[in-house]
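For reference, the structure discussed in these notes is given below.
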Amino acid sequence: MKLLNLVGEIQLKKEGLVPEVVSLGDKVIELLSNNGMGLDDLSRKTGLSNERLVPFFMGSEEVTQDFAEKLAKVFSPPADFWLELDKKYHESLKM
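Final position of the sequence shown in numbering that gives the first Met the number 0 is 94; the numbers increase by one with none missing.
What follows is the structure, given as structure tokens:
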């Protein structure tokens, strides 16, 4: 039964019907790359040091409202997007 559920879920993901869980770090790296930016650029734009950014990207620290708002100013997704993305990622680790 579990195998059937897994096969069905994989098929839905292939068809784009089930969003995959993505870490904040993976999404930010994707956006940095798409915008020709690096971590130093993000550090300057958010006012946070590279050392302060790394725990968020590694998933060892959950995104705060303040950090989500800073990301929203740099990239187009709003703060709520970043908070929800991080929440879903951390929930998936508990499964």
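Built from N, CA and C at the ideal position, the CB exists for glycine as well.
Keep in mind it's a predicted model, so treat the numbers as computed, not measured.
Beta-carbon spacing of residue i, residue j below 8 Å
i	j	result
Glu112	His89	No answer is possible for residue 112: the residues shown for the chain start at 0 and end at 94.
Phe56	Gly24	yes
Ser108	Asn49	In this structure the chain extends from 0 to 94, so residue 108 is not present and cannot be described.
Leu47	Leu38	no
Val27	Ser91	no
Phe80	Leu30	no
Which of helix, strand or coil DSSP assigns to residue i
i	result
Ser75	coil
Ser59	coil
Asn33	helix
Ser22	coil
Leu41	helix
Ser91	helix
Gln64	helix
Lys86	helix
Leu47	coil
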